[in-house]
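One structure below.
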Amino acid sequence: MNDEEMNGLLLLVVESLECSICIFEVALPALEDDAADECARCLCEAKRKRAAYLDAIAELGLDATSDSAERRVVRYRAQSLIDLMHLAEAELPTTERELIARKLVEETKHKLALSLAELARLVDEPAGGSRQTGTRFFRGCQGRR
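Counting in the numbering used here, the sequence shown runs from 20 upward without gaps.
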């Protein structure tokens, strides 16, 4: 993976984090007890990671606002889940809303973990191009905050 591809992947992970934050925020009010605590923990962790990644992106001189088709796909998927939660809030009883919110949180946690694991795997691969930019970025994010 060359530096340009790595940079695109890093920006995609930031988009995933930003969308995850939005999903956690919309699901949180529908949750109670342990589920609400878990969602709040995930929200804080996603915000912490996003801040670390944005700091590292700035240090690398990348434009965190640049757009791509991949980032738009992540954003549209997240928006459809957020719309689903808003519809559930308006139309469903509390118990069913909570079930949907729990599912959204679990799915979002899973997809985010996969994105971060894929980034870690690609950073550690010695194939093609320079790993230095991506490796420096990823290692910097791991040690922050």
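C-beta atoms are modelled at their ideal positions from N, C-alpha and C, and glycine is treated no differently.
Beyond the five residues adjoining it in sequence on each side, A46 comes within less than 7 Å, by CB distance, of C58, M104, A120, L123, V124 in the same chain, given in chain order.
By the Cβ criterion, the stretch 69–85 is in contact with the stretch 22–30, since at least three pairs of Cβ atoms, one from each stretch, lie closer than 8 Å. The straight-line gap separating the alpha-carbon atoms of D52 and S85 is approximately 39 Å. Counting of Cβ neighbours within 10 angstroms places L133 among the exposed residues, the total staying below 16. Restricting attention to alpha helix (DSSP H) runs no shorter than 4 residues, the stretch 35–103 encloses them at 52–79, ordered along the chain. A direct Cα-Cα distance of roughly 23 Å separates L141 from K66. About 7 Å separates the Cβ atoms of R90 and L30, confirming a contact at the 8 Å cut-off. Note on geometry: alpha-carbon atoms of L138 and A109 lie some 37 Å from one another. Using a 10 angstroms sphere on the CB of R60, the tally of other CB atoms stays under 16, which defines it as exposed. One thing to note: V93 has its Cβ no nearer than 8 Å to the Cβ of C41.
For L133, the secondary structure class from DSSP, reduced to helix, strand or coil, is helix.
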